[in-house]
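In numbering that gives the first Met the number 0, the protein residues as written are 0 to 731. Cβ coordinates follow ideal geometry from the N, Cα and C atoms, glycine included. Notes to accompany the following structure.
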Amino acid sequence: MKRIYLMICLACACTAMIAQGKKDTPVYKDANRPVEERVNDLLKRMTLEEKVMQLNQYTLGRNDNVNNVGEAVKNIPAELGSVIYFSYDPKLRNEVQRKAMEESRLGIPLIYGYDVIHGFRTVYPIPLAQACSWNPELVQQASAVAAQEARMSGVDWTFSPMIDVARDGRWGRVAEGYGEDPHTNAVFAVASVKGYQGDNMASDKNVAACLKHFVGYGASEGGRDYVFTEISRQTLWDTYMQPYIEGVKAGAATLMSCFNDISGTPGTANPYILREVLKGKWGHDGFVVSDWGAIEQLRPQGVAADKKEAALKAFTAGVEMDMMNNCYNKHLGELVSEGLVSMEMLDDAVRRVLRVKFRLGLFERPYTPESTEKERFYLAESLRVAEQLAEESIVLLKNENNILPLQEAKDIAVVGPMGDTRWHLLGSWAAHGDSERIVPIASALKEEFEGKASVTFAKGCDFDGEDSSGFEEALQAARKADVVVVALGEKKNWSGENASRSTIALPDIQLQLLKEISKTGKPIVLVLSSGRPIELGKVEASCKAIVQMWQPGISGAKPIAGVLSGRVNPSGKLAITYPYASGQIPIYYNQRKSARPHQGKYQDIPNTPLYEFGHGLSYTSFEYGKLKASASSVSKDGRVTVEVPVTNTGDRDGLETVHWFITDPVASISRPVKELKHFEKKLIRKGETVVFRFEITPMKDIAFLNHNGDKILEKGKVYISVKDERVELDIE
Ligand code: NOJ
């Protein structure tokens, strides 16, 4: 009895102690309370200085970004909001995080951001290539791999995806986005956000995503970087906003403001875009980080006299976090004290940053478990995903007389500067990619054709310059071969940030090499690796086959070798138009209609591109049947399904992507000649017929946005098309 009594007393005491403990635990530290309560509780406890510090981001680790030079800050203040983390060592993260947790008054964890653009260590193809796979599920898986490697290495937040619609191949950053089409960018925005963030950002395998660069950066004049963009409100909504609308709906935790001046109001000081639309109309409750130095750059852009005014403009416009500007840390407190920024606005900004930190679970798990690199990187499944994505993003542009796959050749010569490089196959923004693992083109072909054909390599020339002393060796190799694989293209740093080119043609030396090889009369298979489409108008005729492998990442040349041997049946299709010549730029499929469609042509070059958006060949053949709609008219709230049967008439299985376009011939605001609204990729076995479907919801698929971003659905005819076939639909 006595013992029972004692035990009851003990249990009561324990319960009381726990209750007391709970009472003493601040609400913001209680993981069982809703995020909003925790945010508000923490905010209540913060001083003005602490609030301001939450809104700043410094760098930590060795800064390897050549375009964004800034001292890695050795002494990270304990109260700082965020760092860009140039390391993959959890130890360094934990050391700095410990300071924030233990030495700051309130123990608010830092959020660690980094540019994980197409993989962290297991680098997969550049985003432009990913789009050419037309496989968003695969891109989602690849983004999940990147998220897992990043989070396990101490990164909580990636500055990705870049969803800037880009139509000028001269702009180096076309490599970083999903091409020229708004819908394509929107679909891949959603896929990557889902892959990065998963169902629960707090999981130790997910990171917060960041849609960038909000908005219109892809419209940079002349393809030059950081410059002015002229974007009317109508074009803003028609072209540039769509991917962001979908990315925000998919739950992207953050956005990055852009460098560009949008018709007189830089994106980083643009209250319409950031406050009225993003936070107001769309109700986004995460935060906006400035691009690197973008606040400070409001001065050279001519809208702020000094850093203080730049801070005022950016902050009131709706940029919550200052990435490497030293504007908020220096001036925001002062601006609040002077009444130029209200405490309410400051609180709203801090709330947004804290919200994301809570959602990432940083208060519960501020530290990263110190796993080994083997536990994090190059897991079998991660490598498989990267390789499949590289395979599916390869685009077979030309294949005269089915020269590919190379089945008869006994002697293959590989020539060209791309043939033996590892480094350039990584692509720009390759995070912690290690090129040592990469198998270059010539070596991958040797392996692939082992026992079937001999493969010799002669470089011929460098990527640029004037040295043609290697031509003779290349010509000798070509003369002895049955077929010559000419491997040309771009260096890694020829695309990406601050990497514009005045022309998208290959440098002269590479063109000369190609010309000399073609004089041998040997059949040429041109393999291209680049971060942009390449001008081929003048050389296309001298090549029997042309394959664009883009920049595949660590899978290197194994996928392209598979395509050349026939082990892999190519299925990529262009997500960006391949101009005939640089002078056609801007050229994109969804242009507005011309007043005189049959006139207004160039006198010296064709008006049509060399390869259209959506172009891409396969080793099998597909025959498209007739389009069939479930109804010929539809009301605003109705539904219609249009179907097309596709038969694989060739002799091997193949993946086919069907692109569905709409055309609105007469509208109150002119519409593009056609607009992609839906796509689907499916495996079709040889001899099999598969039906592809487009379920049309008028408000989603037919309506368009006006200059305020409001949806308009107009009565009348629209066309639904696949390739050259179309059906008419009456909108009632
Ligand atoms: C500048 C780039 O424009 C942006 O895309 C990147 O995320 C930041 N620097 C951080 O590296």
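Spatial distance of residue i from residue j (CA atoms)
i      : j      : result
Val717 : Met240 : 23 Å
Leu510 : Arg500 : 16 Å
Ile411 : Ser453 : 6 Å
Ser634 : Ala540 : 49 Å
Pro439 : Val122 : 15 Å
Glu175 : Asp155 : 21 Å
Lys306 : Asn324 : 9 Å
Val538 : Asp507 : 12 Å
Glu391 : Pro569 : 7 Å
Cys11  : Asp23  : In this prediction, Cys11 scores a pLDDT of 49, lower than 50, which makes its location untrustworthy; the coordinate-derived value is nonetheless stated afterwards. Each residue's alpha carbon lies about 18 Å from the other.
Ile116 : Ser191 : 10 Å
Val726 : Asn31  : 55 Å
Ile586 : Glu319 : 36 Å
Glu731 : Leu712 : 10 Å
Ser632 : Asp729 : 4 Å
Arg37  : Arg44  : 11 Å
Val95  : Tyr113 : 16 Å
Glu148 : Arg120 : 7 Å
Arg354 : Ala143 : 22 Å
Pro33  : Gly197 : 20 Å
Asp346 : Leu42  : 7 Å
Ala293 : Glu245 : 25 Å
Leu512 : Gly459 : 7 Å
Ala309 : Glu343 : 20 Å
Ile736 : Pro265 : With the chain represented from 0 up to 731, any question about residue 736 goes unanswered, as that position is not in the structure.
Val186 : Lys280 : 21 Å
Glu724 : Val672 : 15 Å
Thr810 : Lys479 : Lying outside 0 to 731, the shown extent of the chain, residue 810 is not represented and no answer is given.
Gly715 : Glu694 : 19 Å
Asp433 : Ile701 : 45 Å
Gln406 : Val138 : 31 Å
Ile719 : Val645 : 17 Å
Leu609 : Gln547 : 14 Å
Leu505 : Asn62  : 31 Å
Gly469 : Asn400 : 31 Å
Glu136 : Ile683 : 18 Å
Span of the alpha helix (DSSP H), counted from its first residue to its last, around residue i
i      : result
Gly599 : Counting along the chain, Gly599 falls outside any alpha helix (DSSP H), and DSSP gives it neither H nor E.
Pro523 : The question names Pro, yet the displayed sequence has Ile at residue 523. Ile523 -> not in any alpha helix (DSSP H); beta strand (DSSP E) instead, spanning Ile523 to Ser528.
Asn325 : That residue, Asn325, is in no alpha helix (DSSP H); it is neither H nor E in DSSP.
Thr183 : Pro181 to Gln196
Asp507 : Asp507 to Lys518
Gln547 : Gln547 -> not in any alpha helix (DSSP H); beta strand (DSSP E) instead, spanning Ala544 to Gln547.
Ala146 : Pro135 to Met151
Thr315 : Lys306 to Ala316
Phe357 : Met342 to Arg358
For residue j and residue i, believed in contact at Cβ under 8 Å, the rounded distance
i      : j      : result
Lys397 : Ile604 : The Cβ separation is near 19 Å, so there is no contact.
Lys572 : His614 : 6 Å
His658 : Val567 : So it is not a contact: roughly 22 Å between Cβ atoms.
Leu54  : Tyr327 : 5 Å
Asp203 : Gly153 : The pair is not a contact, with the Cβ atoms about 11 Å apart (cut-off 8 Å).
Trp549 : Ala128 : 3 Å
Endpoints, the beta strand (DSSP E) within which residue i is located
i      : result
Lys211 : Cys209 to Phe213
Lys397 : Val394 to Asn398
Lys681 : Glu674 to Ile683
Lys716 : Gly715 to Val721
Gln129 : Note, Gln129: premise wrong, no beta strand (DSSP E); alpha helix (DSSP H) at Pro126 to Ser132.
Arg478 : First-last for Arg478: Phe470 to Lys479, but that is the alpha helix (DSSP H), not the beta strand (DSSP E).
Thr58  : Asn55 to Leu59
Gly246 : Per DSSP, Gly246 belongs to no beta strand (DSSP E); it is in the alpha helix (DSSP H), Gln241 to Lys248.
Asn707 : Premise fails: Asn707 is in no beta strand (DSSP E) and is neither H nor E.
Ala412 : Asp410 to Val414
Any non-hydrogen atom of the ligand MG within 8 Å of residue i CB
i      : result
Glu731 : You won't find the ligand MG in this model; what it holds is the ligand NOJ.
Just the residues with CB closer than 7 Å to a heavy atom of the ligand NOJ, in chain order, which are they?
-> Asn64, Asn66, Asn67, Ile83, Asp114, Phe158, Met161, Lys211, His212, Met255, Phe258, Asp290, Trp291, Met322 and Glu496
Taking three-plus beta-carbon pairs below 8 Å as touching, is the stretch 591 to 607 in contact with the stretch 542 to 561?
-> no
The stretch 364 to 383 in contact with the stretch 48 to 56 per 3-pair CB rule at 8 Å | no
Kindly confirm or deny that the stretch 223 to 231 and the stretch 370 to 381 touch, where touching means at least three C-beta pairs closer than 8 Å.
-> no
Examine the Cβ distances between the stretch 615 to 634 and the stretch 589 to 600 and report whether three or more of them are shorter than 8 Å.
-> no
Are at least three pairs of beta-carbons, each pair with one atom in the stretch 425 to 443 and one in the stretch 652 to 670, less than 8 Å apart?
-> no
Is the stretch 573 to 585 in contact with the stretch 412 to 428, if contact means three or more CB pairs nearer than 8 Å?
-> no
Is the stretch 259 to 278 close to the stretch 201 to 216, with three or more CB pairs under 8 Å?
-> yes
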